[in-house]
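For the sequence shown, numbering that gives the first Met the number 0 begins at 0 and goes up steadily by one. Just so you know, even glycine gets a beta-carbon here, dropped at the ideal spot from N, CA and C. Since we're looking at a predicted model, the values are computed, not measured. Report on one structure; see the data block that follows.
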Amino acid sequence: MSTWTQISMDDAVALLKREDYPESTLQAFIRHFTGRPIWIRPSGDGWEFGDSEFGDGAP
Numbered sequence: 000m001s002t003w004t005q006i007s008m009d010d011a012v013a014l015l016k017r018e019d020y021p022e023s024t025l026q027a028f029i030r031h032f033t034g035r036p037i038w039i040r041p042s043g044d045g046w047e048f049g050d051s052e053f054g055d056g057a058p
């Protein structure tokens, strides 16, 4: 299983934009994670996001 890494909001949004997520998904992601830590790890052919190193609370 991959290790969780904490990243900034700017880095997370840049990653989602590179992956060509729709604007509505980007806005929901920003609303959900504003003021919260963002943790990420590789998952399949994409990424898994969470509010903690355990992945809790990802939209």
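Burial check for Gly45: the Cβ neighbour count within 10 Å stays below 16, so the residue is exposed.
In the three-state DSSP reduction, Arg35 falls in the coil class, being neither helix nor strand. A straight line joining the alpha-carbon of Glu22 with that of Thr33 spans about 16 Å. Linking Pro36 to Ser7 through their CA atoms gives a straight-line distance of about 8 Å. Out of Ser51, Thr2 and Ile29, the CA that lies nearest to the CA of Ala13 is found in Ile29.
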